[in-house]
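To start, the structure itself, in structure tokens.
Number of protein chains: 2
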Amino acid sequence: MDRDDGSAPRTSASGQRVAFLLSQVGGFAADRFAERVATLGVVPGDVGLLRLIATHPGVSQRALADLLGVGPSRVVALVDGLERKGLAQRTRSETDRRHHELSLTAAGRSVLTDMRELGAAHEADLLRGLTVAERHTLGSLLATIAASHDLPPDVHPGYRSAGRPDATSPTS
Amino acid sequence: MDRDDGSAPRTSASGQRVAFLLSQVGGFAADRFAERVATLGVVPGDVGLLRLIATHPGVSQRALADLLGVGPSRVVALVDGLERKGLAQRTRSETDRRHHELSLTAAGRSVLTDMRELGAAHEADLLRGLTVAERHTLGSLLATIAASHDLPPDVHPGYRSAGRPDATSPTS
DNA sequence: TATTGTTATACTCTATAACTATA
DNA sequence: TATAGTTATAGAGTATAACAATA
Chain A
1 MDRDDGSAPR TSASGQRVAF LLSQVGGFAA DRFAERVATL GVVPGDVGLL RLIATHPGVS
61 QRALADLLGV GPSRVVALVD GLERKGLAQR TRSETDRRHH ELSLTAAGRS VLTDMRELGA
121 AHEADLLRGL TVAERHTLGS LLATIAASHD LPPDVHPGYR SAGRPDATSP TS
Chain B
1 MDRDDGSAPR TSASGQRVAF LLSQVGGFAA DRFAERVATL GVVPGDVGLL RLIATHPGVS
61 QRALADLLGV GPSRVVALVD GLERKGLAQR TRSETDRRHH ELSLTAAGRS VLTDMRELGA
121 AHEADLLRGL TVAERHTLGS LLATIAASHD LPPDVHPGYR SAGRPDATSP TS
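Respectively, the protein sequence lines represent chains A and B. Numbering (the UniProt record's numbering) for the first sequence: 1 to 172. Numbering (the UniProt record's numbering) for the second sequence: 1 to 172.
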């Protein structure tokens, strides 16, 4: 139990140390990111939606629900938020009047532009303890894990609710 | 999905690729962990609490609240959950009858024992795409990040609520 | 009859603040 | 008066299902 690989480090719980760190640091990153995007007047969920709309012009809410893996009513609430903030808009499709074609407003595109700077600053701060080479290594290892579990490259857990409290279990 | 990050001078990894991966994979790890611990009849938050009680025998709920960074009423709910499941118990302190000294039951200790196996299996599956050497490297890099931000070694974001939806922003 | 989007409802989780019992 | 724990209340977030409009 205590050693799950040939060369377990001395003291600690080699059992789940890395998994815990992954979840702990990932949660920390998400919290920090939320703080940062708040300065743009949006919440993290808004950002993902803005990007999807930007990369899928005229996308319908139904398609968005499928992309995110959530129910249609959830998308209504998310889009309501963007519309209230003047970042996106609904337009009835002329070919099928049941659809709403979603698009960004100028303000929405502006937020997305600002996001690039913000994202770079976020990452620079988050990884400030690592060298450039180490950042590359980390990115590569994480990408390998993501690929080995078929995680889509641009959709994030967090839209689909999960176990709320905690993260991956304490190390202690 | 399309590229929108070409603008920034790519020092190392692009704008925020690593930060996003960290949060995405971290969230995935947390979700998987939640599924696993559910087989033991507990939620992730229970596990952290069980560990803290195990490592701090007789701890008071107030001290626990401070350790977790949450309000006292939150601890009441958490401990209620453990007590209902028969994993922990409250005992009035004889020296100061305002305190409740928390301790694990035999069932609680049993769950904690099972957790070691479960945690090892969780980590093995999560990191199945990496070699043993790469797992060590990843652990080391994550530990460096955690240290550079003063993250406590055994307390997890997730007790303190944060930005619920999303994670660290989509990659785009 | 099926589908898109909306609304209504219920449920969970959490935070805040009042309250009790001790000290 | 201060502290540990509890309870009450209110708010946010989400899921499910019923619903209206359109196909």
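Note that CB positions come from ideal geometry on N, CA and C, so glycine has one too. Remember, it's a predicted structure, so these values are computed and weren't measured experimentally.
| query | result |
| --- | --- |
| Simplified DSSP assignment, three categories, for residue 181 of chain A | The structure shown does not extend to residue 181 of chain A, since chain A is modelled only from 1 through 172, so no value can be given for it. |
| Spatially closest choice to residue 84 of chain B from B:107, B:92, B:62, by CA coordinates | B:107 |
| Contact with chain B by residue 31 of chain A, beta-carbon distance below 9 Å | yes |
| Residue 152 of chain A - DSSP class collapsed to helix/strand/coil | coil |
| is_contact[residue 156 of chain B, chain A] using C-beta, thresh 9 Å | yes |
| As assigned by DSSP and simplified to three states, the class of residue 102 of chain B | strand |
| Residue 135 of chain A beta carbon less than 9 Å from that of residue 18 of chain B | yes |
| Residue 81 of chain A versus A:148, A:104, A:115, residue with shortest Cα-Cα distance | A:104 |
| Residue environment, residue 157 of chain A, which counts as buried when at least 16 other CB atoms sit within 10 Å | buried |
| Cα-Cα separation, residue 131 of chain B to residue 122 of chain B | 16 Å |
| Of the listed residues B:95, B:102, B:29, nearest to residue 76 of chain B (C-alpha basis) | B:102 |
| Minimum length 4: unbroken alpha helix (DSSP H) runs contained in the UniProt domain "HTH marR-type" (15–147) of chain A | 17–38, 44–55, 61–68, 72–84, 106–126 |
| Residue-chain proximity (residue 83 of chain A, chain B), Cβ-Cβ < 9 Å | no |
| 7 Å Cβ cut-off: residues of chain A touching residue 21 of chain B | 139, 142, 143, 146 |
| Local Cβ density within 10 Å of residue 23 of chain A, reported as buried at 16 or more and exposed below that | buried |
| Residue closest to residue 47 of chain A, alpha-carbon to alpha-carbon, out of A:137, A:118, A:126, A:142 | A:118 |
| Cβ of residue 99 of chain A within 9 Å of any chain B Cβ | no |
| Residue of B:147, B:45, B:149, B:138 minimising C-alpha distance to residue 145 of chain A | B:138 |
| Proximity test, Cβ basis, 9 Å: residue 127 of chain B and chain A | yes |
| Contact belief for residue 258 of chain B with residue 109 of chain B at Cβ below 8 Å, rounded distance in angstroms | Because residue 258 of chain B is not part of the residues shown, which for chain B are 1 to 172, the question remains open. |
| Neighbour flag for residue 135 of chain B against chain A, beta carbons, 9 Å | yes |
| Minimum Cβ-Cβ distance from residue 25 of chain A to chain B less than 9 Å | yes |
| Proximal chain A residues relative to residue 88 of chain B, where beta-carbon distance stays under 9 Å | Those within 9 Å of residue 88 of chain B in chain A number zero; the least Cβ separation is about 15 Å. |
| Inter-residue spacing [alpha-carbon to alpha-carbon] between residue 96 of chain A and residue 26 of chain A | 41 Å |
| Buried/exposed call for residue 58 of chain A, threshold 16 Cβ in 10 Å | exposed |
| Beta-carbon proximity check, residue 54 of chain A vs residue 112 of chain A, cutoff 9 Å | yes |
| Alpha-carbon spacing of residue 126 of chain B relative to residue 61 of chain A, whole angstroms | 33 Å |
| Chain-ordered neighbours of residue 151 of chain A on chain B, where CB pairs are closer than 8 Å | 24, 25, 28 |
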